[in-house]
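Peer 1:
Numbering (my numbering), first residue to last: 180 to 442.
Below you can see the structure in the form of structure tokens.
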């Protein structure tokens, strides 16, 4: 695909193309989750020309060496297809993890742990997106009937929307295939995944409530906080009354754990 063409593909479109070129089904499924997680983090509608080393380096700090391989493969693909002028893959450095995890090697398959409610919500989202996809295909067919493809903005918009839907649908399907429902846990005094945590923001006295969940189930608008987020990481294995701090570009935020509710 030449960059001089009128249509400059989005990251979502290129991700779909990249995954289609992976011949082995299991390899494709393993790559889907990490590649689409990466692309969603960057922005599905962004163009490869907008990316820079800082973008990918920041993402690398949040993932493990096992998660970085699909990301590097995708970035290498961008360079090979001349969507980018520099090899961004060389700027991805994953955080260090226990040697025990690294030794799992090629047999490693990421396990996705969801709450029962979270699985139902993802299944509902998948069904809704498939319905939307059918509507978009109809829009594309109508727009394609216009013979003036040079100025067919409705067709271009429908194609881009379909690409976004396809990416999210593939991500959800791969996630649900690997997902396991969180098992009941013994009540302990420490924060664990699946718990509801009541916090007090010390600077304002504001009370906050979050359920700690897998990153794929996270939804801040519904009070579902990813365990991979800075605050989620800080809360894990902490107890009532403890104070946790999170450093952000705007400064350091401190929270006191007021209560832990075991779900």
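In this text, a Cβ means the ideal position worked out from N, Cα and C, and glycines have one as well.
(1) Does the separation of the CB atoms of residue 255 and residue 226 fall below 9 Å?
(2) Applying the 10 Å Cβ sphere with the 16-neighbour rule, what's the burial state of residue 295?
(3) Mind pulling the alpha helix (DSSP H) runs of 4 or more residues that sit fully within the stretch 212-246?
(4) Which runs of the alpha helix (DSSP H) spanning at least 4 residues fall entirely within the stretch 376-436, listed in chain order?
(5) Could you check what DSSP says for residue 203 in three-state terms: helix, strand or coil?
(6) Give a single yes or no on whether residue 335 has its beta carbon closer than 8 Å to a heavy atom of the ligand NAP.
(7) Among 312, 431, 423, 220, which has the Cα closest to the Cα of residue 338?
(8) Can you tell me the Cα-Cα spacing of residue 426 and residue 408, whole angstroms?
(9) If you pair each beta-carbon of the stretch 222-242 with each one of the stretch 195-208, do three or more pairs fall below 8 Å?
(10) With a CB to CB cut of under 6 Å and the five nearest residues on each side skipped, what residues in its chain are close to residue 372?
(11) Are the Cβ atoms of residue 414 and residue 389 separated by less than 9 Å?
(12) Just to confirm my understanding: we take residue 348, look at its own chain, exclude 5 residues before and 5 after, and list those with CB closer than 6 Å. What are they?
(13) Using the Cβ count rule (16 or more neighbours within 10 Å means buried), how would you classify residue 420?
(14) Look at the alpha carbon of residue 301 and the alpha carbon of residue 353, and state the distance between them as a whole number of angstroms.
(15) Among 370, 234, 259, 351, whose alpha-carbon lies nearest the alpha-carbon of residue 303?
(16) Among 214, 262, 264, whose alpha-carbon lies nearest the alpha-carbon of residue 251?
(17) Decide if residue 229 is buried, meaning its Cβ has at least 16 other Cβ atoms within 10 Å, or exposed.
(18) Give the DSSP-derived three-state secondary structure of residue 358 in the structure shown.
(19) Can you give me the Cβ contacts of residue 361 inside the same chain, cut-off strictly under 6 Å, excluding the 5 residues immediately before and after it?
(20) By a C-beta neighbour count over all protein chains shown, 10 Å radius and 16 as the cutoff for buried, is residue 384 buried or exposed?
(21) The alpha helix (DSSP H) with residue 299 in it runs from where to where?
Peer 2: According to the structure data:
(1) no
(2) exposed
(3) 232-239
(4) 409-414
(5) coil
(6) Of ligands this structure carries none, so the ligand NAP is not represented either.
(7) 312
(8) 11 Å
(9) no
(10) 391, 406
(11) yes
(12) 308
(13) exposed
(14) 11 Å
(15) 351
(16) 214
(17) exposed
(18) strand
(19) 292, 294, 373
(20) exposed
(21) 295-323
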